[in-house]
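Start counting the sequence shown at 1; every next residue gets the next number (UniProt numbering).
Ideal Cβ placement from N, Cα and C applies to all residues, glycine included.
Since the structure is predicted, the reported quantities are computational estimates derived from the model, not experimental observations.
First up is the structure itself, then whatever we jot down about it.
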Amino acid sequence: MNPVQLLDIDGELRPHPDWPLDVTPGLCRDFYRRMRLARQFDQEAQTLQRQGELGLWVQSLGQEAAQVGSVTAMRSTDYVFPSYREHAAALCRGITPAELLIQWRGNRHSGWDPDRYRFHIYTLVLAAQLPHATGYAMGVQRDGADEVVLAYFGDGASSEGDANEAFNWAAAADVPLLFFCQNNQWAISTPVRTQMRAPLHQRARGFGLDAHVVDGNDVLAVHAVTSGVAQRLRAGMGPAFIEALTYRIAGHSTSDDPGRYRTDSELDSWRARDPIGRLKRLLDKQGWADKAFHTEVDEECRTLAATARSVCRDLPLSDFSAVFDTVMAEPTSLLAGQRRQYLEFVDSFED
Ligand SMILES: Cc1ncc(C[n+]2csc(CCOP(=O)(O)OP(=O)(O)O)c2C)c(N)n1
Ligand SMILES: [Mg+2]
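Structural data, given as structure tokens:
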């Protein structure tokens, strides 16, 4: 099965008979702007980590098309379960720089109210969000709610038992859930080829999921396929799976050195397929974006970067002991003991 592509790497449009999309100048400018902002924010966060302002950062660099194209294909009321690298999708949902950074500064366990943005908090335990998403989608189904569910995960997460249980459970229960895999070719230092023999979309089909594979660096293709699949989900046609082929241009996290396990030539071959450069070539060729548009986007990027820097340094520190109060409805002696132990640990530091 060939990945669906609507925009080739030279910026030429390639309409696809099965996945129609009304490609307007406005749509392309909107995607371009969103991807540029996401990349700018991600770069700023990476720099803040290097300056000691964040404990850790996991870059979304290179995966902007997979995230922007998919999340914008859903309604704002559809619930999203991310993993931990979905900053571009989070920004599209209106989550603020402060909310996105606070967890990585270590000032709070998570950054935002999931219900407000219909965007669950980041899940760092690989694939744990997939059974959660399945259970949530069962609730949607039983309530007869006008909503579908989108769950992001990575190629590495697909090897977890949780992922495969969720695929089967979702298919058996016929829930309105879209599993969206960003296959960025690596799970830290483990390449996809050592993790699986059958392609992911093929495995998904074996579970009974309506599975598709798309060029994940082509924002138009991702958007067209996700929109089509979301429509089928809304029509009650059962759960689906999209494998978006993309690439993690940066290291796994700020603690990783990808130069230890992958080659420059592999990196270069993916840089040539960069989602932002590709869309810019389309805008340029078609004359769909004038100088004023580019100046405005550049300015917006500068403002976002400045905001990220200033809010990061001002983030408040939470009272982490509060976590012990919200685990159970009633206090228990075990939790009280753990709370005491935690406070003693915090007190053991001089500052
Ligand atoms: C259950 C579990 N096992 C191991 C880890 C350590 N770990 C964190 S990220 C990661 C790789 C994940 O790769 P992938 O799912 O492809 O996502 P990517 O980081 O490439 O976006 C691993 C092994 C973890 N967080 N959770
Ligand atoms: Mg991966």
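Nearest-angstrom Cα separation, counted from Phe81 out to Pro131:
Within the sequence shown, residue 131 is the residue found at index 131, counting from 1. Within the sequence shown, residue 81 is the residue found at index 81, counting from 1. Going by the C-alpha atoms only, they are around 10 Å apart.
Return the CA-CA distance between Thr77 and Arg93, expressed in angstroms with no decimal places.
Stepping through the sequence shown from its first residue, residue 77 is reached at position 77. Stepping through the sequence shown from its first residue, residue 93 is reached at position 93. Cα to Cα, Thr77 sits roughly 10 Å from Arg93.
Is it true that the stretch 238-247 meets the stretch 175-193, where meeting means three or more beta-carbon pairs spaced less than 8 Å apart?
yes
Ligand 2 and Asn107: does the residue's C-beta get closer than 8 Å to at least one heavy atom of that ligand?
By 1-based counting over the sequence shown, the position of residue 107 is 107. False, no ligand heavy atom lies under 8 Å from that Cβ.
Assign Val225 to buried or exposed, taking buried as 16 or more other Cβ atoms, counted over all protein chains shown, within 10 Å of its Cβ.
Sequence index remark: in the sequence shown, residue 225 carries index 225 (1-based). So Val225 ends up on the buried side.
When DSSP labels each residue in this structure, what does Pro191 get in the three-state scheme?
Here residue 191 refers to the residue found at position 191 of the sequence shown. In the structure shown, Pro191 sits in a strand (DSSP, three-state: E or B).
If you check the beta carbons only, do Glu64 and Arg39 fall under 9 Å apart?
In the sequence shown, counting from the first residue as 1, residue 64 sits at position 64. In the sequence shown, counting from the first residue as 1, residue 39 sits at position 39. Result yes, Cβ atoms of Glu64 and Arg39 sit closer than 9 Å.
Report all residues from its chain with a CB closer than 7 Å to the CB of Thr134; omit the five preceding and five following residues, and keep chain order.
Your numbering for residue 134 matches position 134 in the sequence shown. Here the set comprises Ala166, Trp169, Ala170, Val175, Leu177.
Going by DSSP, what residues sit across from Leu177 in a beta bridge?
Taking the first residue of the sequence shown as position 1, residue 177 is located at position 177. Per DSSP, Val149.
Start-to-end residues for the beta strand (DSSP E) that takes in Asp81:
On the sequence shown, residue 81 is found 81 positions in, with the first residue counted as 1. The residue asked about is misnamed: residue 81 is Phe in this sequence, not Asp. Segment 79-81, the beta strand (DSSP E) holding Phe81.
May I ask which residues mark the beginning and end of the alpha helix (DSSP H) holding Glu64?
Here residue 64 corresponds to residue number 64 of the sequence shown, with the count starting at 1. Its alpha helix (DSSP H) spans residues 64-71.
Short of 6 Å in beta carbon distance, which residues of its chain neighbour Trp186, apart from the five on each side in sequence? Order them along the chain.
Here residue 186 refers to the residue found at position 186 when the sequence shown is read from its first residue. Once the five neighbours on either side are set aside, the close Cβ partners of Trp186 are Arg248.
May I ask you to check if the CB of Asn183 is nearer than 8 Å to at least one heavy atom of ligand 2?
As a first step, residue 183 must be located in the sequence shown, where it is residue number 183. Asn183 Cβ: within cutoff of ligand 2.
Less than 8 Å between the CB atoms is what I'm expecting for Glu44 and Arg313, so what's the real figure, rounded?
Position 44 of the sequence shown, counting from 1, holds the residue named residue 44. Position 313 of the sequence shown, counting from 1, holds the residue named residue 313. Going by Cβ atoms, the distance from Glu44 to Arg313 rounds to 12 Å, so no, they are not a contact pair.
Is it a yes or a no for the stretch 95-115 touching the stretch 147-160, going by three-plus beta-carbon pairs under 8 Å?
no
Ligand 2 heavy atoms versus the CB of Ala137: any closer than 8 Å?
Taking the first residue of the sequence shown as 1, we reach residue 137 at position 137. No, the Cβ of Ala137 stays beyond 8 Å of every heavy atom of ligand 2.
Using 8 Å for Cβ pairs, my map puts Pro3 next to Asp215. What's the rounded Cβ distance?
Counting from 1 along the sequence shown, the entry for residue 3 is found at position 3. Counting from 1 along the sequence shown, the entry for residue 215 is found at position 215. With 8 Å as the limit, Pro3 and Asp215 qualify as a contact, their Cβ atoms being about 5 Å apart.
Say yes only if the C-beta of Ala187 is nearer than 8 Å to one or more non-hydrogen atoms of ligand 2, and no if none qualify.
On the sequence shown, position 187 is the one that residue 187 refers to. Indeed, a heavy atom of ligand 2 lies less than 8 Å from the Cβ.
Return the first residue and the last residue of the beta strand (DSSP E) that Ile9 is part of.
Along the sequence shown, read from residue 1 onward, the residue named residue 9 stands at position 9. From DSSP, Ile9 is part of no beta strand (DSSP E); its letter is neither H nor E.
Taking contact to mean at least 3 C-beta pairs separated by less than 8 Å, is the stretch 231-243 in contact with the stretch 10-24?
no
Pick helix, strand or coil for Ala289, following the three-state DSSP scheme.
Reading the sequence shown from its first residue, position 289 is the one you call residue 289. Reduced to three states, the DSSP call for Ala289 is coil.
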